[in-house]
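> Structure provided below as structure tokens; questions to follow.
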């Protein structure tokens, strides 16, 4: 069996199972179309909410803490398109404790939109919630 692949995935040509691995790592997206009052049409391929939530959880794990999770996706359209999530503090013994903040991801790239003192704010709010 011969696999045809773009240059961005040369490993597929050497290893048949690499195709499955490659496809698993492609972001799942859908097309968002909007029309302005002037009639201009904007079309973007944006991440599906579940894919964005998973990226948010990875960002939280790597940058803020292992007891935090992303919930309740909300698409926000301003000068850019964002996925906004509630950041939830959890505990192995108590389950979900409560919301300690918000995290926004760029809906196209999946990159976290960072604000000054974001992680410090999560920690401060988590300390307040866990003290109750």
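Residue numbers (the numbering used here): 462 to 593. The C-beta atom is built at its ideal place from N, Cα and C for all residues, glycine as well.
Leaving out the 5 sequence neighbours to the left and right, which residues in its chain are closer than 6 Å to residue 560 when beta-carbon positions are compared?
Stepping through the chain shown from its first residue, residue 560 is reached at position 99. Within the same chain, residue 560 has close Cβ partners 547 and 549.
> What's the gap between the Cα of residue 563 and the Cα of residue 529?
For the purposes of this step, residue 563 is taken as the residue at position 102 of the chain shown. For the purposes of this step, residue 529 is taken as the residue at position 68 of the chain shown. Rounded to whole angstroms, residue 563 to residue 529 spans 11 Å at the Cα level.
> Counting Cβ pairs closer than 8 Å, one from the region 564-583 and one from the region 503-512, do we hit at least three?
Enough Cβ pairs lie closer than 8 Å, so yes.
> Using the rule of at least 16 other Cβ atoms within 10 Å of the residue's Cβ for burial, across every protein chain shown, is residue 495 buried or exposed?
Walking along the chain shown from the start, residue 495 turns up at place 34. Classification for residue 495: exposed.
> Assign residue 575 to one of three DSSP states: helix, strand, or coil.
The sequence position of residue 575 within the chain shown is 114, counting from 1. Note: residue 575 maps to coil in three-state DSSP.
> Would you call the CB atoms of residue 580 and residue 525 closer than 8 Å?
By 1-based counting over the chain shown, the position of residue 580 is 119. By 1-based counting over the chain shown, the position of residue 525 is 64. Going by C-beta atoms, residue 580 is nearer than 8 Å to residue 525.
> Report, in whole angstroms, the separation of the C-beta atoms of residue 534 and residue 544, which I expect to be a contact under 8 Å.
The sequence position of residue 534 within the chain shown is 73, counting from 1. The sequence position of residue 544 within the chain shown is 83, counting from 1. The Cβ separation is near 6 Å, so the contact holds.
> Below 8 Å between beta carbons: does that hold for residue 536 and residue 558?
Position 75 of the chain shown, counted from the first residue, corresponds to residue 536. Position 97 of the chain shown, counted from the first residue, corresponds to residue 558. Contact flag unset, no.
> Taking a contact to mean a Cβ-Cβ separation below 8 Å, would you say residue 573 touches residue 520 in this structure?
The sequence position of residue 573 within the chain shown is 112, counting from 1. The sequence position of residue 520 within the chain shown is 59, counting from 1. The answer is yes: Cβ separation under 8 Å.
> Leaving aside the five residues before and after residue 582 along the sequence, list all residues of the same chain whose C-beta is less than 7 Å from its C-beta, in chain order.
Numbered from its first residue, the chain shown carries residue 582 at position 121. Only 562 meet the Cβ criterion.
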